[in-house]
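Trainee:
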Amino acid sequence: MYTDASIFLFLLCCCSFAYGDSAAEQTINTNIFGKNRPINERDINYKDHQELLLMLSDINRFAKLLEHQLNLTMTRVNNIEHILSKRISDFNNSSGKKDMISHSEQKHTAINRKVALTACTEGGELYRNGSLIDFTDIRQLYGMKNIDDFKKTRKFTCLSSGLYLLSVYINSFSHGSQYRLLKNNMELGRVQIAPDRDLGTSSWHTGSGFAAAMLNVNDTMSIQAWSSVYIAGSYSCITIVKL
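Here the sequence shown stands for residues -20 to -1, 1 to 223, numbered as in mature numbering (1 follows the signal peptide of the UniProt record, and there is no 0).
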């Protein structure tokens, strides 16, 4: 009896041990295939392959995200370039318009600039035929900046285009004395001061001349002796006015 009971207990323990091993093996051998079998090298390789595919998928998604962000950045850059280009163009157009307006205003100012000059000869002087008469005694001056050139060259040089009036009177006792009013060395008019011979009247005579001329910048006006003529100082003057 004792022997049978001992045998029974021994068998029961063996069954329990076997069952425990079977459950543990089932837990260990349950793999991704859903089969209860020992894990082999093929299973490990397959698992590594799956993990590699998952990693590549993540890299691909990250690359697409970077590409999307890059496209957005390039779009923003293009928009900024377009805005800057438009602003530069607007600025250039605005500057061009301002330059045109400024040039127009300067031109308008130059056209409307008042110019006036009255000058006389200083002392008596004999001028030979063809020489320019020198008016160095400046009596009135307005809007004329090149007066030194006028004294040096004996020519009025226009700095502001427009219509000008030239008025001259010259006093002389020379018989048959004459002078010419010139624009750019071209005759505008000719005046005889004294008669060709003594008529028994006063020896001194005054000849007056007037001319209007449209002048452009750098055009000149001058008075030229057209015979040998002695001119009395302070009694011979020129007036130039821009109308």
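Every residue gets a Cβ at the ideal spot worked out from N, C-alpha and C, and that includes glycine.
Keep in mind it's a predicted model, so treat the numbers as computed, not measured.
How many angstroms separate the CA atom of Cys64 from the CA atom of Gln49?
Mentor: For the sequence presented, residue 64 should be read as Leu rather than Cys. About 22 angstroms.
Trainee: Report all residues from its chain with a CB closer than 7 angstroms to the CB of Ala191; omit the five preceding and five following residues, and keep chain order.
Mentor: Leu146, Leu161, Leu168, Gly169
Trainee: Would you tell me roughly how many angstroms separate the C-alpha atoms of Thr10 and Leu32, rounded to the nearest one?
Mentor: The pLDDT assigned to Thr10 is 47, lower than 50, so where the model puts this residue is not dependable; a value taken from the coordinates is nonetheless given after this. Roughly 22 angstroms separates the two Cα atoms.
Trainee: For Val197 versus Leu139, is the C-beta spacing smaller than 9 angstroms?
Mentor: yes
Trainee: To the nearest whole angstrom, what separates the beta carbons of Phe153 and Tyr210, a pair I think is in contact under 8 angstroms?
Mentor: Their Cβ separation, rounded to whole angstroms, is 6 angstroms, which keeps Phe153 and Tyr210 in contact under 8 angstroms.
Trainee: Across which residues does DSSP place Leu161 in a beta bridge pair?
Mentor: Leu161 pairs with Gly169, Ile203.
Trainee: For the beta strand (DSSP E) containing Lys222, list its first residue and its last residue.
Mentor: Taken as a continuous stretch (DSSP letters only), the beta strand (DSSP E) holding Lys222 covers 217 to 222.
Trainee: Out of curiosity, what's the CA-to-CA distance linking Val57 and Ser141?
Mentor: Distance from the CA of Val57 to the CA of Ser141, rounded to the nearest whole angstrom, comes to 53 angstroms.
Trainee: Would you mind sorting Phe115 into buried or exposed? The rule is 16 or more other CB atoms within 10 Å of its CB.
Mentor: buried
Trainee: Does the beta-carbon of Leu97 have 16 or more other beta-carbons within 10 angstroms, so that it is buried, or is it exposed?
Mentor: buried
Trainee: Please tell me whether Tyr149 and Gly187 are closer than 9 angstroms, where the distance is taken between their beta carbons.
Mentor: yes
Trainee: Would a C-beta distance cut-off of 9 angstroms place Cys100 and Ile218 closer than the cut-off?
Mentor: Their beta carbons are under 9 angstroms apart, which means Cys100 touches Ile218 by this criterion.
Trainee: Rounding to the nearest angstrom, what Cα-Cα distance links Ser157 and Met201 in this structure?
Mentor: 20 angstroms
Trainee: Measuring only the C-alpha atoms, how far is Asn164 from Ser183?
Mentor: 33 angstroms
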